[in-house]
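> Letter by letter, the sequence shown follows residues 1 to 349 of full-length UniProt numbering.
The C-beta atom is built at its ideal place from N, Cα and C for all residues, glycine as well.
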Amino acid sequence: MFIDCHCHLTSEQFQDDLEEVLARSRRAGVQGILTCSTSPSDMLHVVQLREEHPDDIYACLGIHPLDDSCDMRAWQTVREMIIAEHRKHGLAALGEIGLDFSRPLLKQKAAARGATEADVRNRQLSLFEAQLDLARELDLPVNVHSRNAEKEVLNILSGCKIQGVMHAYKGPAALALQAAKSGRLWFSFPPSLVYKWEYQEAVKALPLECLLLETDSPSLAAAGPKARNEPGFIRAAAEKMAELKGVTLQQVAAATTRNAVHLFGKASPGLQACCMTAPPSNPTGKTSRWRRDVKDNEGNVPTSDAPPAQTFAPQDRSSQRWTRRSRGAETHTMDPTLCSSAFGSARCS
1 MFIDCHCHLT SEQFQDDLEE VLARSRRAGV QGILTCSTSP SDMLHVVQLR
51 EEHPDDIYAC LGIHPLDDSC DMRAWQTVRE MIIAEHRKHG LAALGEIGLD
101 FSRPLLKQKA AARGATEADV RNRQLSLFEA QLDLARELDL PVNVHSRNAE
151 KEVLNILSGC KIQGVMHAYK GPAALALQAA KSGRLWFSFP PSLVYKWEYQ
201 EAVKALPLEC LLLETDSPSL AAAGPKARNE PGFIRAAAEK MAELKGVTLQ
251 QVAAATTRNA VHLFGKASPG LQACCMTAPP SNPTGKTSRW RRDVKDNEGN
301 VPTSDAPPAQ TFAPQDRSSQ RWTRRSRGAE THTMDPTLCS SAFGSARCS
């Protein structure tokens with residue numbers, strides 16, 4: 001079984017076939033899907049989806065660093081909304097929150113606001129720190145975005161007594177390994193792990209006790225930047241992770257599920273049902289007794305009946321560098337990590 005610890009099912013790309021997408025994910029062995037919000041309005045959609053699909057979807061509420069609809073003046077209202085929802089139904093985490101220091105997007109945001117890039121960074125920092133304060137108050141983990149700001153994010157988190165996941169981590173592997181020693185951070189990887197060498201380096205360096213699976217649907221598919229991703233395709237990430245770690249697919253499924261339940265299950269009783277008989281993982285890099293005996297708890301991993309996703313052909317590192325061109329105020333890119341339905345100004349060309 002699998003848990004998709006980060007995706008965006010509120011995307012308009014799922015508006016016509018969400019029921020089929022969820023059915024495929026169940027048949028693929030996905031037992032829980034953490035759907036993250038990106039803006040105040042998106043929070044309402046995430047809550048609605050969770051209410052309509054309580055057996056599949058678990059809510060993560062937060063403000064994405066690239067969202068322009070929530071500044072610090074509006075934060076207090078958003079904060080109260082998050083608190084109310086958590087007290088009423090329980091949240092899996094705060095997310096998607098974090099920092100995004102991608103240069104093309106910083107320039108674009110600064111130009112749109114008539115500000116400097118430093119102003120945009122500082123705005124992101126203020127909102128990120130406010131959301132971390134709320135996570136600490138509610139005793140919730142965080143689901144963190146850190147594109148081109150991995151060092152800054154990890155430095156901030158190192159001073160917090162907060163657990164969380166670094167979603168789609170592309171930073172230096174050594175930095176991730178050092179951060180994991182805190183025992184409070186996990187690192188998740190999507191199906192594009194099959195061709196993204198940055199992801200692969202981090203997976204090889206980190207112990208299995210620190211790893212999680214995600215899809216970031218509808219982005220980051222194994223089939224390449226332009227393909228629509230969905231939770232049922234998570235097996236591609238799991239298979240590649242197993243290959244890189246030199247373990248079985250069943251071991252990856254068991255370990256990442258335990259890790260996810262340990263991190264997110266406190267406020268999500270339904271997610272606890274996914275837990276296996278062994279105790280939860282501890283992301284310290286030390287091999288625990290139950291980890292050595294993990295084969296005793298291996299389960300069968302279902303075969304997905306989802307449409308096969310052809311793997312995007314791996315390229316050398318130089319050709320994987322994303323390229324962009326500007327058209328007016330828009331940024332067009334071939335980097336799948338910049339393709340998000342939540343931010344139409346950064347889209348695939």
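Counting only runs that start and end within the segment 16 to 72, where is the beta strand (DSSP E) found for 3 or more residues in a row?
30 to 36 and 57 to 61
> Going by DSSP, which residues form a beta bridge with Asn143?
Gly95 and Val165
> Under 8 angstroms, do Pro40 and Cys70 count as touching if we go by C-beta distance?
yes
> Using DSSP with H/G/I as helix, E/B as strand and the rest coil, what is Phe189?
strand
> How many Å lie between Ala253 and Leu211 at the Cα?
Each residue's alpha carbon lies about 10 angstroms from the other.
> Please give the ranges of any alpha helix (DSSP H) in the segment 94 to 130, keeping only runs that are unbroken, at least 4 residues long and fully inside the region.
Complete alpha helix (DSSP H) runs here, min 4: 103 to 113.
> Going by Cα to Cα distance, which pick from Phe233, Arg50 and Ala237 is closest to Arg24?
Phe233
> Measure the Cβ-Cβ separation of residue 356 and Leu213 and say whether it is below 8 angstroms.
The displayed coordinates of the chain run from 1 to 349. Any statement about residue 356 would go beyond what the structure contains.
> For the alpha helix (DSSP H) containing Leu157, name the first residue and the last one.
Glu150 to Ser158
> What's the gap between the Cα of Gly246 and the Cα of Pro207?
Each residue's alpha carbon lies about 11 angstroms from the other.
> Between Ala110 and Val165, what straight-line distance do the alpha-carbon atoms span, to the nearest angstrom?
28 angstroms
> Whole angstroms is fine: what's the gap from residue 351's alpha carbon to Asp55's?
There is no way to answer for residue 351, as the model of the chain reaches only from 1 to 349.
> For Leu66 and Glu239, I'd like the C-alpha separation in whole angstroms.
32 angstroms
> Given a threshold of 16 other Cβ atoms within 10 Å of its Cβ, counted over all protein chains shown, does Thr277 qualify as buried or as exposed?
For Thr277, the pLDDT reaches just 39, beneath the cut-off of 50, and the residue's location in the model is therefore unreliable, leaving the point undetermined.
> Residues bridged to Phe2 by DSSP?
Val30
> Since I believe Leu18 is in contact with Ser37 (beta carbons under 8 angstroms), could you give me their beta-carbon distance rounded to a whole number of angstroms?
That belief does not hold up - the Cβ atoms of Ser37 and Leu18 are roughly 16 angstroms apart, past 8 angstroms.
> According to DSSP, is Ser9 helix, strand or coil?
This sequence places Leu at residue 9; Ser is not what is there. It is coil, neither helix nor strand.
> Does the distance from the CB of Leu99 to the CB of Leu125 come in under 8 angstroms?
yes
> Is it right to say Pro283 is buried, meaning 16 or more other beta carbons lie within 10 angstroms of its own, or is it exposed?
With a pLDDT of 44 at Pro283, under the threshold of 50, the predicted position of this residue should be treated as unreliable, though the coordinate-derived value follows. Pro283 should be labelled buried.
> Taking 8 angstroms as the cut-off, decide whether the C-beta atoms of Arg147 and Ser102 are in contact.
yes
> With DSSP as the reference, label Leu213 as helix, strand or coil.
strand
> With DSSP collapsed to three states, give me the class of Lys226.
coil
> Please classify Asn143 as buried or exposed, where buried requires at least 16 other C-beta atoms within 10 Å of its C-beta.
buried
> Is any beta-carbon of chain B found at less than 8 angstroms from that of Gln48?
Of the chains in the structure shown, none is chain B; there is only one protein chain.
> Output the boundary residues of the alpha helix (DSSP H) element that contains Val261.
Here the alpha helix (DSSP H) through Val261 covers Leu249 to Phe264.
> Between which residues of its own chain and Ala47 is the CB-CB distance below 7 angstroms, once the five residues before and five after are set aside?
In the sequence as displayed, the identity of residue 47 is Val instead of Ala. Listed in chain order, the non-local C-beta contacts of Val47 below 7 angstroms within the same chain comprise Ala59 and Glu85, local neighbours out to five positions each way being set aside.
> Is it the case that the Cβ atoms of Ala222 and Ser192 are separated by a distance below 8 angstroms?
Going by C-beta atoms, Ala222 is nearer than 8 angstroms to Ser192.
> Kindly indicate which three-state DSSP category Ala173 falls into: helix, strand or coil?
Helix, per DSSP.
> Buried or exposed, going by whether 16 or more other CB atoms sit within 10 Å of the CB of Arg73?
exposed
> Helix or strand or just coil, what does DSSP make of residue 355?
In the structure as shown, the chain starts at 1 and stops at 349, and residue 355 therefore has no counterpart that could be examined.
> Rounded to whole angstroms, what's the CA-CA distance from Ala267 to Gly95? Just pull it up for me.
14 angstroms
> For a test of the three-state rule: what should DSSP assign to Lys196, helix, strand or coil?
coil
> Would you report the Cα separation of Phe2 and Gly114, rounded to the nearest angstrom?
45 angstroms
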